[in-house]
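So the structure is just underneath, and the comments pick up after that.
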Amino acid sequence: MRRILLLLFALTLVLTPASAIAAEPRSGDAVVVRADEVIDDDLYAFGGTVNVMGTVRGDVFALGSMVTVSGVVTGSLMAAGGTVTVSGQVGGNVRAAGGSITIDGSVGGDALVATGLLDIGPNGRVGRDVLMGAGTATVVGQVGRNVSAGVGNLTLNGIVGGNVRAEVETLRLGDRAVVNGDLVYTSEQEATIASGAAVRGKVERNVPERRSIDRGPLGVALVFGLILGWLRMLVGLFALGLLFVLALPGFSRRAVDTLAGSPLASVGLGFALVIAVPVISIIVFIAGLIFGGWWLALITLAVFAIALPIGFVVGGLFVGSWTLERLNRPRSHRIWALLLGLVILMLVAVLPILGGLVVGLAVLFGVGALALAAAKARGRAIA
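Here my numbering runs 11 ahead of the position in the sequence shown, where the first position is 1.
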């Protein structure tokens, strides 16, 4: 076993980039990198608000209700929040998800965004490609290469160096729009192209396939199948939640209390576990094939696979309890809180883009809270 641990340590050092080992984590209600501050490592920031005004010579991972980058990031930015704003410089790629995203600064690489509202402002510069999934998107700045979009309403009034390919409900090109390649879009409606707009390549409109699900037995069967699948998922999660709450009443309550009291620590630890556990399990499995004990990796992955839906259940319990408190029903049985919370999360889950984001965050918050509650329980047991 000692040899396995030594090999694991060596493999971890080899497989982990030096920048990740030296990464700087920060958390709190407000995480601020001051304008005169320089960080020579990657930055992992978890806070109510995250504001990078200084210089980060590495990558930035940021999670908060409001994430703002007005300084300089030499690497890439990965951000999730209610609002994400980039008004400074990012040397690499931007990958962001949130309620609204604004890029009004410089991005050296690609921009991959999932949001309800996207705005690439007049000072926005994306050096390579933009890939977007959004409810409404406006591009006034410059895109060095191509734009790929799945958007409800898309407005182009800037410069695109390559092609634009989009699936949209509505598409509008303003007087200052320039597309140096092809404009290919799929929509029920013709694009509105201002007289001053310029498309250097071809303009091609594709009519989306009409999928009627309300006529005939196949359409009824499809709708019924979707509803039945949703109900099965809800029932399965509710059954798992019942088992969790009834079998471990004290621990389940502590997990929810931990999430309520330490949300930032919960989501930060949840994110770390979701990344680290599969990687460590692979390393353990490889080492186990050489020295024995490979089955430890399978047990770890099995426990982790169980922890993910339980984490979602913890998120549901928290949402349900919080909702009942707002409805002045704090003394309601926890089973009702569980059911209400799961219904709310499952309803949000069917929404495009936002649904996946909410489900992922619920799992991260819940898994982190489970781990923190387990660590506290172990500490008390040892004491």
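Cβ atoms here follow ideal geometry from the backbone N, Cα and C, with glycine treated the same way. Quick caveat: nothing in here was measured; it's all calculated off a predicted structure.
Name the one or two DSSP bridge partners that residue i has.
| i | result |
| --- | --- |
| D130 | T113, T149 |
| T181 | N164 |
| G144 | A125, G161 |
| V118 | V101, V137 |
| R176 | S159, V195 |
| G106 | One detail in the question is off: residue 106 reads as Arg in this sequence, not Gly. In DSSP, R106 forms a bridge with M89, L123. |
| V398 | Residue 398 lies beyond the residue range present for the chain, which begins at 12 and ends at 394; the question has no answer from this structure. |
Determine, for residue i, whether the minimum Cβ-Cβ distance to residues of chain B falls below 8 Å.
| i | result |
| --- | --- |
| L254 | Of the chains in the structure shown, none is chain B; there is only one protein chain. |
What's the C-alpha gap between residue i and residue j?
| i | j | result |
| --- | --- | --- |
| L142 | H344 | 45 Å |
| D70 | I114 | 17 Å |
| P395 | F249 | The question about residue 395 has no answer, for the chain in this structure spans 12 to 394. |
| G327 | L372 | 11 Å |
| W305 | P289 | 14 Å |
| D268 | G172 | 51 Å |
| A2 | A90 | Residue 2 cannot be examined here, being either before or after the span of the chain that is shown, 12 to 394. |
| L253 | I346 | 7 Å |
| L251 | L375 | 18 Å |
| L350 | G331 | 7 Å |
| V278 | L284 | 10 Å |
| V122 | S159 | The sequence as given places Ala at residue 122; Val does not occur at that position. If you take the alpha carbons of A122 and S159, they lie about 10 Å apart. |
| V370 | S111 | 18 Å |
| G163 | V124 | 14 Å |
| G93 | L184 | 28 Å |
| L74 | R340 | 31 Å |
| S397 | L182 | Outside the displayed span of the chain (12 to 394) sits residue 397, for which this structure offers no information. |
| R389 | A145 | 44 Å |
| I50 | G155 | 29 Å |
| V97 | A298 | 43 Å |
| A386 | R187 | 58 Å |
| V314 | L245 | 21 Å |
| F72 | G39 | 15 Å |
| W241 | G247 | 10 Å |
| Y196 | T126 | 20 Å |
| N191 | S81 | 30 Å |
| P36 | R45 | 15 Å |
| R337 | F329 | 12 Å |
| S102 | L259 | According to the sequence provided, residue 102 is Gly. The question's Ser does not apply to it. Their Cα atoms are separated by approximately 48 Å. |
| L257 | I291 | 32 Å |
| W333 | A316 | 27 Å |
| V84 | G138 | 15 Å |
| L239 | V361 | 13 Å |
| L243 | G236 | In the sequence under discussion, the amino acid at residue 243 is Arg, which differs from the Leu named in the question. When rounded, the distance between both Cα atoms is 10 Å. |
| I293 | G303 | 14 Å |
| L353 | T203 | 42 Å |
| F262 | A41 | 30 Å |
| E178 | S76 | 29 Å |
| L450 | G366 | This structure leaves residue 450 out entirely; the chain is present only between 12 and 394. |
| A266 | V325 | 7 Å |
| I310 | A287 | 15 Å |
| L165 | V218 | 17 Å |
| L216 | T147 | Before going further, note that residue 216 is Arg rather than Leu in the sequence given. Approximately 19 Å, taken between the alpha carbons. |
| L368 | F323 | 13 Å |
| E201 | G161 | 16 Å |
| L335 | L270 | 16 Å |
| R264 | D140 | 46 Å |
With a threshold of 6 Å on Cβ separation, who are the neighbours of residue i within its own chain once the five nearest residues in sequence on each side are excluded?
| i | result |
| --- | --- |
| L26 | Note that L26 scores 36 on pLDDT, short of 50, meaning its location in the model is unreliable and no value can be drawn from it. |
| V189 | I170, A209 |
| V43 | N62 |
| E48 | G65 |
| V282 | In the sequence as displayed, the identity of residue 282 is Phe instead of Val. The residues are L375. |
| V4 | Since the first residue shown for the chain is 12 and the last is 394, residue 4 is missing from the structure and cannot be characterised. |
| L194 | V175, V210, V214 |
| S6 | Because the chain in this structure spans residues 12 to 394, residue 6 falls outside the shown range and cannot be described. |
| N2 | Look at the range of the chain in this structure, 12 to 394, and you will see that residue 2 is not part of it. |
| V95 | V78, A107, G109, I112 |
| A33 | Its pLDDT being 47, under 50, A33 is placed unreliably in this model, and the coordinates cannot settle the point. |
| L167 | V150, L184, A188 |
Beta-carbon within less than 8 Å of residue i's beta-carbon, same chain only, minus the 5 sequence neighbours each way: which residues are those?
| i | result |
| --- | --- |
| E220 | none |
With a threshold of 7 Å (Cβ to nearest heavy atom), would residue i be considered close to the ligand MG?
| i | result |
| --- | --- |
| A384 | Of the ligands one can find in the structure shown there are none, so the ligand MG has no counterpart to examine. |
Note down, one range per segment and in chain order, each beta strand (DSSP E) of at least 3 residues found wholly within the stretch 187–268.
194–197, 214–217, all fully within the stretch 187–268.
For the structure I just gave you, are there three or more beta carbon pairs, one from the stretch 114–131 and one from the stretch 143–156, closer than 8 Å?
yes
Residue ranges of each alpha helix (DSSP H) within the stretch 345–381, 4 or longer:
345–360
Would the stretch 273–284 and the stretch 373–390 be scored as touching if the rule is three or more Cβ pairs under 8 Å?
yes
What runs of the alpha helix (DSSP H), each 4 residues or longer, lie entirely inside the stretch 25–97?
29–32
Segment contact, 8 Å Cβ cut-off, at least three pairs: the stretch 55–69 with the stretch 348–364:
no
Output the residue ranges of the alpha helix (DSSP H) runs that lie fully inside the stretch 269–325 and measure 4 residues or longer, sorted by chain position.
274–302
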